[in-house]
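Quick note on numbering: the sequence shown equals residues 535 to 601 in my numbering.
Using N, Cα and C, we set each Cβ at its ideal position, and we do this for glycine too.
Below is one structure; the comments refer to it alone.
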Amino acid sequence: MFKEVSRIVLHFIMFIFSFYCLSSLDLAKLLLPVENRVAKAQFLVILLSLALGYLSAQFILAIIYKF
Numbered sequence: 535m536f537k538e539v540s541r542i543v544l545h546f547i548m549f550i551f552s553f554y555c556l557s558s559l560d561l562a563k564l565l566l567p568v569e570n571r572v573a574k575a576q577f578l579v580i581l582l583s584l585a586l587g588y589l590s591a592q593f594i595l596a597i598i599y600k601f
């Protein structure tokens, strides 16, 4: 039971941390000059933070449970 809860909490913490780090980037400038690029940049930040949070949590869990 504790193992599952710790996995969920770690994924949530890493998602928040990666969202905090990626929100400092201005991705609207990187996108092509089209309409609604601010909304698309915010959506891109959310998707990238989900992916980065998942990967970093899996990395930490692999280190913890491997040793």
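{"Asked": "Got a sec, what are the start and stop residues for the alpha helix (DSSP H) K600 sits in?", "Found": "571 to 600"}
{"Asked": "With distances taken from CA atoms, which of L586, F536, V579 is nearest H545?", "Found": "L586"}
{"Asked": "Output needed for R571: all residues of its chain with C-beta closer than 6 Å, excluding positions within five of it in sequence on either side, in chain order.", "Found": "A562, L565"}
{"Asked": "Suppose contacts are defined by Cβ-Cβ distances below 8 Å. Is V539 in contact with S557 by that definition?", "Found": "no"}
{"Asked": "Please state if the CB of S583 and the CB of F553 are separated by a distance shorter than 8 Å.", "Found": "yes"}
{"Asked": "Please report the straight-line C-alpha distance between A573 and I547, rounded to a whole angstrom.", "Found": "24 Å"}
{"Asked": "Report buried or exposed for F601, applying the criterion of at least 16 other Cβ atoms within 10 angstroms of its Cβ.", "Found": "exposed"}
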